[in-house]
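Worksheet: one structure, shown below.
Numbering (the working numbering), first residue to last: 24 to 253.
Listed below in structure tokens is the structure:
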């Protein structure tokens, strides 16, 4: 497994080993940048922001990185920022199956949706501490907890993977916190403290062995398509 940093740009296929027989390759991506990402505003499934100009550029760079990948399906959440990112990939792969689903949306931050993180520092720190202690039922007021996201997200991902052939290459465009929760489950990483970042338009590549029912990480948080970053 490679934890990706920032190196020179190449297409994604150049970093990947061949897909083994009986396996499906899953590309779990995060959407491009929005103004709320830049401003540090809580942006869950209750906030439907579009990509900003930089996010649009990132989405195009992400799409180009898939140039030599024989994609079979591109799925996303129904939020604009994810659909816009997925659309950029789909334009370069017009024959792929597509779909958008509410169960792939970001965690709901409830009454804190659309508010600056700085206004809720104490609550957020307390909630994150509870998660690290294994209290995964702790969530946001009128929002969700990690177990809520895990239940809907993992179930939908499994359902969509099962709809495709064994040797398929499937893209999912989702969200930062959502991805961390889903990856923790698929890779049997403690959900209490996922130790990987999820940058805008990052790609997490997993090989799913259908016979064993297991996922293996190939690359996490791949962002080389964005070029050098500070």
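Note that the Cβ used here is the ideal one computed from N, Cα and C, for glycine as well. From a predicted model like this one, the values you see are computed outputs, not experimental measurements.
One alpha carbon belongs to residue 140, the other to residue 36, and they sit about 37 Å apart. By the criterion of at least three beta-carbon pairs nearer than 8 Å, the stretch 233-246 is in contact with the stretch 210-225. In the same chain as residue 112, and ignoring 5 residues on each side of it, the C-beta atoms closer than 7 Å to its own belong to 85, 86, 89, 97 and 194, in chain order. With 16 or more neighbouring CB atoms inside 10 Å of its own CB, residue 192 falls in the buried class. Ranked by Cα distance from residue 230, the options 167, 190 and 110 are led by 190.
Taking a 10 Å sphere around the C-beta of residue 114, we find fewer than 16 other C-beta atoms and assign the residue as exposed. Ranked by Cα distance from residue 199, the first of 165, 95 and 218 is 218. Residue 228: member of the beta strand (DSSP E) spanning 226-232, first to last residue. Taking every protein chain shown into account, the CB of residue 108 has 16 or more other CB atoms within 10 angstroms, so this residue is buried. Closest in alpha carbon position to residue 168, among 183, 180, 187 and 147, is 147. Taking the CA atoms as reference points, residue 176 sits about 30 Å from residue 250. Inside the stretch 108-140, DSSP marks whole beta strand (DSSP E) runs of 3 or more residues at positions 120-124, from first to last along the chain. If you look at residue 61, you'll find it in the alpha helix (DSSP H) that goes 58-62. In the DSSP annotation of this structure, the continuous segment of the alpha helix (DSSP H) that includes residue 204 starts and ends at 199-209.
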